[in-house]
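FYI, the numbering for the sequence shown is 7 to 176, going by our numbering. Here's the structure, in structure tokens; my notes come after.
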Amino acid sequence: MSEEYGPAPLTFGQMAVWRDIDALPRSRWQEANWVFTVDVPAEAGVAQVRAALNRLAERHGSLRTTYDVSDPEHPTQTLRRIEELPLGFEVVALESAEAVQEVSDRLRDTPFDLRSERPYRAVLAERPGARTLLIGKHHIAADGWSMDLLSEELTAMLHGQDDTLPPPSE
Numbered sequence: 007m008s009e010e011y012g013p014a015p016l017t018f019g020q021m022a023v024w025r026d027i028d029a030l031p032r033s034r035w036q037e038a039n040w041v042f043t044v045d046v047p048a049e050a051g052v053a054q055v056r057a058a059l060n061r062l063a064e065r066h067g068s069l070r071t072t073y074d075v076s077d078p079e080h081p082t083q084t085l086r087r088i089e090e091l092p093l094g095f096e097v098v099a100l101e102s103a104e105a106v107q108e109v110s111d112r113l114r115d116t117p118f119d120l121r122s123e124r125p126y127r128a129v130l131a132e133r134p135g136a137r138t139l140l141i142g143k144h145h146i147a148a149d150g151w152s153m154d155l156l157s158e159e160l161t162a163m164l165h166g167q168d169d170t171l172p173p174p175s176e
């Protein structure tokens with residue numbers, strides 16, 4: 007999984023998402039963003055969370071793929087090595103559940119540059135008595151069903167249960 011592949015045509019599903027996005031004015035392209043959350047166990051440190059996010063991207067090529075949509079009729083995708091794409095990750099201290107919602111809204115409303123960054127970014131929200139990992143991802147990288155799978159795998163990783171995961175996908 008350390009090779010770069012591409013550029014290659016988009017899959018049928020990716021092309022459907024791209025066509026929906028391309029029909030929107032550029033000011034609305036962030037509407038393809040979704041946010042999901044994962045509760046982080048108290049024993050998982052920031053380094054463990056960062057490592058789990060990178061392992062998840064290693065397991066799933068769609069999380070380390072960039073997209074060239076400069077030719078709207080023939081957009082392409084390129085699978086990248088994990089080292090090529092910086093991890094969009096930050097840690098914030100928050101006081102309330104409302105503040106967590108504000109972070110979620112920011113993740114959902116911030117457009118991705120699909121040419122040069124991972125199609126997801128994450129914020130570890132720490133508040134009294136709870137730690138939540140919010141992951142904003144672009145719909146072209148994963149659909150609703152995939153979000154459940156990614157959430158389950160990330161939860162297993164954060165609990166140190168990597169050995170229970172099925173083989174990775176490409």
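Beta carbons: idealized from backbone N, C-alpha and C, even for Gly.
Residue i and residue j closer than 9 Å at C-beta
{"i": "Leu96", "j": "Leu120", "result": "According to the sequence shown, residue 96 is Glu rather than Leu. Not closer than 9 Å, so no."}
{"i": "Gln103", "j": "Arg137", "result": "The sequence given here has Ala at residue 103, not Gln. Not closer than 9 Å, so no."}
{"i": "Pro182", "j": "Arg124", "result": "Coverage of the chain is limited to positions 7 through 176, which leaves residue 182 absent and any answer about it impossible."}
{"i": "Asp28", "j": "Val75", "result": "yes"}
{"i": "Ala128", "j": "Gly94", "result": "yes"}
Contact belief for residue i with residue j at Cβ below 8 Å, rounded distance in angstroms
{"i": "Thr84", "j": "Thr71", "result": "7 Å"}
{"i": "Trp24", "j": "Ile146", "result": "7 Å"}
{"i": "Pro13", "j": "Leu164", "result": "Contact flag wrong, Cβ pair sits at about 34 Å."}
Span separating the alpha-carbon of residue i from that of residue j
{"i": "Met7", "j": "Gly67", "result": "Caution is warranted here: a pLDDT of 38 is assigned to Met7, below 50, making its placement in the model unreliable, and no coordinate value can be reported."}
{"i": "Ala162", "j": "Glu64", "result": "15 Å"}
{"i": "Leu69", "j": "Arg32", "result": "23 Å"}
{"i": "Gln54", "j": "Val98", "result": "16 Å"}
{"i": "Ser170", "j": "Ser110", "result": "A small fix is needed here, since residue 170 is Thr in this sequence, not Ser. When rounded, the distance between both Cα atoms is 29 Å."}
{"i": "Gly150", "j": "Ala58", "result": "20 Å"}
{"i": "Ser152", "j": "Pro173", "result": "15 Å"}
{"i": "Leu155", "j": "Arg56", "result": "18 Å"}
{"i": "Asp45", "j": "Pro117", "result": "24 Å"}
{"i": "Tyr126", "j": "Leu113", "result": "9 Å"}
{"i": "Leu160", "j": "Gln167", "result": "10 Å"}
{"i": "Gln107", "j": "Arg86", "result": "31 Å"}
{"i": "Leu30", "j": "Glu37", "result": "9 Å"}
{"i": "Glu90", "j": "Val52", "result": "21 Å"}
{"i": "Ser157", "j": "Asp115", "result": "21 Å"}
Top-ranked residue by Cα proximity to residue i, from the options
{"i": "Glu49", "options": "Val98, Gly135, Tyr126", "result": "Gly135"}
{"i": "Ala22", "options": "Phe118, His80, Pro173", "result": "His80"}
{"i": "Ser122", "options": "Leu30, Ile88, Pro173", "result": "Ile88"}
{"i": "Tyr5", "options": "Tyr11, Glu37, Arg112", "result": "Nothing about residue 5 can be reported from this structure: the residues present for the chain run from 7 to 176 only."}
Are the region 33-42 and the region 142-162 in contact at 8 Å, needing three or more beta carbon pairs? yes
With three or more beta-carbon pairs closer than 8 Å as the criterion, would you say the region 101-116 touches the region 14-33? no
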